[in-house]
Structures are given as C-alpha cells and as structure tokens.
Amino acid sequence: MAWHDVTRPLGEGTPVYPGDIVPSFRQEDRGRYRISEIHLSTHSGTHIDAPSHYIAGGAAVHEIPPRVLVGEVTVLPVPGRKTEIGPWDLGGARAERLLFKTWYSGEKTFREDYPGLSLACAEALVQAGTRCVGIDSPSIEPYSGDGAVHRALLSRNTAVIEFLDLSGIAPGIYWMVALPLRLEGLDGSPCRVLLRDPGGGVRDGYRA
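Under the numbering used here, the first residue of the sequence shown carries the number 64, and numbering increases by one thereafter.
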C-alpha cells in the first residue's frame, strides 16, 4: 500500500496567518558537524491545535491521545470555492477522523477567502462523534470567525489539524498517522501527516 505525505513543506517561504510568527532558520557549520536554529510558531505550516489553544485549562498538545491522531480517516471533498462549509456539505458522512479537501490545497499563499467550517458544521461533527477533524486551509474556521468554531471542537477534545495539502489525494477512506512534536504544555505543534491507501489487514490495532 502506498503512503502519501499530505504535509506542507515548512520553510522560510511558508505562508502564515496574519500576525503569526514568520518561520526562520539559521544553520551553523561547526567543522565536524552542522546544526540549525529554528524560529517558528506552534501553528506554523501543517499543524495540530490542542484544546489549550482556545480553552483555558484545556489539554496541551502532548496530552492528545495518539489513538485520536492515528487510524482510519475519511477524506471528504468540498466542491466549489465556498468560504464557509456547512453541515449539508457533510453529506451524511460520519467518521471518527475526517479531513476536508477543498480548493485551497493548491494555494501557495495566504488568502482571506480561504474555506472554513461554520459553527453549525462544527457542532454536527461533534454530535456525530468525530474526534479529529482536518482541513487544507490555514484555519478550521473562516477568516471572519471569532473563535467559536475552534471552541466548539476543542472544548469537546476534538483534535484539529490545519493547513494540509490534499491536492493529490482522491476522496475516500485512508489510514492516517498525524504526529505532533511532544511539546510539553503547549497549545499546538507542527506535525507530519501521512495517509496510506485503503486495503491491507489489521494487526495489533494498526493496518499491516
């Protein structure tokens, strides 16, 4: 089964949300070895939002159970160039892990008209039992949002993955591995997200 890397490259040219830290990198050649200094936000590039990102006293990123971020996932297409995704766009889909594939996967720069979830859509996902939701745009809620979408998801301990690149991924069911850095006490982390084609058996709780 083939693996697909749906992580956006993280470098000095990575688009950032307005007001966020612009990633920068510095390398040092110390003769026998090379080291690098990294300066970025916990929400740079493809990243995971922890509940503490919006919820006071909420779980930090190192406290998100790996079982929430590893397992079967549904990639759901959202047609058109809408800026707000409603509950009707779910098409009755019910999944523990759900990734929204929109027109934004092909974008290389930040745009204020990026697609995000409506509050009603976020509530519908929580009620359907979704424990992890991802999107290929810079944020899970529209640019005009006030944080209500984040709070609706994160207050129910639904993990959020933002700024994926699903441009080469067909809609359907995959096996996902999405692992943040183990940043103790922090509100989020850049992550590497891999999808594997459906098929194969299941061994010890993981697909073989």
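We put the beta carbon where it would ideally sit given N, CA and C, even for glycine. Only a predicted model underlies this, so the values are computations on that prediction, with no experimental measurement involved.
* **Simplified DSSP assignment, three categories, for Gly-94** => Look at Gly-94 here: in three-state DSSP terms it is coil, with no helix or strand label.
* Nearest-angstrom Cβ-Cβ length linking Val-189 and Thr-221, presumed shorter than 8 Å -> Distance from Val-189 to Thr-221 at the Cβ level is roughly 6 Å; contact confirmed, criterion being Cβ atoms closer than 8 Å.
* Asked: From which residue to which residue does the alpha helix (DSSP H) around Leu-188 run?
  -> Its alpha helix (DSSP H) spans residues 182–190.
* Asked: When you compare each of Cys-195, Val-141, Ala-215, Arg-219 to Leu-242 by their alpha carbons, which one comes out closest?
  -> The candidate whose alpha carbon is nearest that of Leu-242 is Cys-195.
* Which of the three DSSP states, helix, strand or coil, is assigned to Gly-121? -> Collapsing the DSSP output to three states places Gly-121 in coil.
* Asked: What is the residue span of the beta strand (DSSP E) that Ala-241 lies within?
  -> In the DSSP assignment, Ala-241 falls within the beta strand (DSSP E) that extends over 235–243.
* Report the partner residues of Gly-149 according to the DSSP bridge assignment. => Looking at the DSSP assignment, Gly-149 forms no beta bridge with any residue, so it has no partner.
* **Glu-225 versus Glu-91, Ile-101, Tyr-177, Phe-88, residue with shortest Cα-Cα distance** => Among Glu-91, Ile-101, Tyr-177, Phe-88, the Cα nearest to that of Glu-225 is on Tyr-177.
* Between which two residues does the beta strand (DSSP E) carrying His-302 extend? -> Since the first and last residues shown for the chain are 64 and 271, residue 302 lies out of range.
* For Met-239, count neighbouring Cβ atoms within 10 angstroms of its own Cβ and tell me buried if that reaches 16, exposed if not. => Counting other Cβ atoms within 10 Å of its Cβ, Met-239 reaches 16 or more and is therefore classed as buried.
* Asked: Leu-73 by DSSP, collapsed to three states: which one?
  -> Leu-73 falls in the coil class under three-state DSSP.
* Asked: Tell me, which residues are paired with Ile-198 by DSSP?
  -> Phe-163, per the DSSP bridge assignment.
* Asked: Which residues in the same chain have their Cβ closer than 7 Å to the Cβ of Gly-268, if we skip the five residues on either side of it in sequence?
  -> With a pLDDT of only 39 at Gly-268, under 50, the local geometry of the prediction cannot be trusted, and no value is derived from it.
* Distance, Cα to Cα, Glu-147 vs Gly-179? -> Distance from the CA atom of Glu-147 to the CA atom of Gly-179, rounded to whole angstroms, is 5 Å.
* Glu-126 and Arg-160: beta carbons closer than 8 Å? -> In this structure, Glu-126 keeps its C-beta atom at 8 Å or more from the C-beta atom of Arg-160.
* Relative to the alpha-carbon of Ala-113, which residue among Gly-231, Leu-217, Leu-73, Cys-254 has its alpha-carbon at the smallest distance? -> That would be Leu-217, whose Cα lies nearest to the Cα of Ala-113.
* Cβ-Cβ distance between His-106 and Gly-251 below 8 Å -> Yes.
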